[in-house]
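Each residue of the sequence shown is one higher than the one before, counting from 182 in the numbering used here.
All C-beta atoms in this analysis are idealised placements derived from N, C-alpha and C, irrespective of residue type, glycine included.
Owing to the predicted nature of the structure, the values given are computational and were not obtained by experimental measurement.
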Amino acid sequence: MRYLAFIFFLGIENYMLPCFTKKLFGFDCPGCGIQRSLLHLARGEFGAAFEMYPAIYPMLLLFIFLAADKFFNFKNSNTISLVLMVTTVGTLLINYILKFI
């Protein structure tokens, strides 16, 4: 099974979707880099994943929390979700602004 996953991630770079916004307008969109960042995470390259798309970690925490909240009722889940959402959007926007500077 591990060998199959290795082969899958080895050749997936050739099949990544291009950024439509970048092709159409010539500049990155706020989501540019998320596919490559997920690929770096799958390979265990955590620093490279952060460099590629800094919002990947708060976004993953948000998705994991939202999935876990469906199965377990957490106390203050609305507050936790809101903090994770603001952190994700804030990180995404700061990264997007810094790309243009």
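Close Cβ partners of Leu265 (< 8 angstroms) along its chain, the five nearest in sequence each way excluded: Pro239, Leu242, Leu243, Phe246
Under the three-state reduction of DSSP, which class applies to Pro239: helix, strand or coil? helix
Let's test the definition: count the other Cβ atoms within 10 Å of the Cβ of Ile237 and tell me whether it reaches 16, buried, or not, exposed. buried
So the alpha helix (DSSP H) Tyr234 belongs to, where does it begin and stop? For Tyr234, there is no enclosing alpha helix (DSSP H), as DSSP marks it with neither H nor E.
Roughly how many whole angstroms lie between the Cα atoms of Ser218 and Arg224? Separation of Ser218 and Arg224 (C-alpha to C-alpha, rounded to the nearest whole angstrom) is 10 angstroms.
Roughly how many angstroms separate the alpha carbons of Asp209 and Phe253, rounded to a whole number? 38 angstroms
Around the C-beta of Thr260, are 16 or more other C-beta atoms found within 10 angstroms, so that it is buried, or is it exposed? exposed
Taking the continuous alpha helix (DSSP H) assigned at Ile282, which residues delimit it? Boundaries cannot be given for Ile282, as no alpha helix (DSSP H) includes it and DSSP labels it neither H nor E.
Rounding to the nearest angstrom, what Cα-Cα distance links Cys200 and Thr268 in this structure? 24 angstroms
Are Pro211 and Tyr277 close, meaning C-beta to C-beta below 7 angstroms? yes
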